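For reference, the structure discussed in these notes is given below.
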Amino acid sequence: MQDTPPPHGGVSCRPLEKIHFWLWRADENLILYTAGTTGLPKGSVLTHKNSLFNAMSMVMDYGLRNGDICQIIPPLYHSASLNGFAVTSVLLGAKMVIHKQFNPQEMLRAIQDEKITCTWGPATIWRMVIA
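So for the sequence shown, the numbering used here puts the first residue at 7; every next one is plus one.
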């Protein structure tokens, strides 16, 4: 066990103390900003209920399970990366492989070496991978 995480950001193995708090479905938990394609960017407020339903949709629509290993390519400020795969992976206890930046060779290496079972990315990423 270590008291401080290693420089690459690892996770401490120390047990967590119990924290008691109330969490309501309608409480805000996230503000994502739009790209501003029709004007100035706007903050879109999501509640805990929104995040939970997004995670449930990922499980039902894509069949994600706790044994999955999800590769997250787009930045975590992208809604699908954060609210789709990262939050769902945390709730399921699934492993996440998060890339610091996109590199087609690194993405393919991770699929093979990490035994990735799910990944997502916009069409631009897939064009770069098959190029």
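Ideal Cβ placement from N, Cα and C applies to all residues, glycine included.
Values in this document were obtained by computation on a predicted structure and should not be read as measured data.
{"Asked": "Residue burial classification, Gln77 (beta-carbon count within 10 angstroms, cutoff 16)", "Found": "buried"}
{"Asked": "Status (buried if at least 16 other CB within 10 Å, exposed otherwise) for Gly42", "Found": "exposed"}
{"Asked": "Classification of Met64 by the beta-carbon crowding that lies within 10 angstroms, buried from 16 upward", "Found": "buried"}
{"Asked": "Nearest-angstrom beta carbon gap, Ala100 and Asn72 [assumed within contact, 8 Å]", "Found": "5 Å"}
{"Asked": "Backbone secondary structure at Tyr68 - three-state DSSP", "Found": "helix"}
{"Asked": "Classification of Leu88 by the beta-carbon crowding that lies within 10 angstroms, buried from 16 upward", "Found": "buried"}
{"Asked": "Of the residues Asn60, Ile37, Tyr39, the one placed nearest Val96, counting alpha carbons only", "Found": "Asn60"}
{"Asked": "Nonlocal neighbours in the same chain, by C-beta distance under 7 Å from Gln107, ignoring five residues either side", "Found": "none"}
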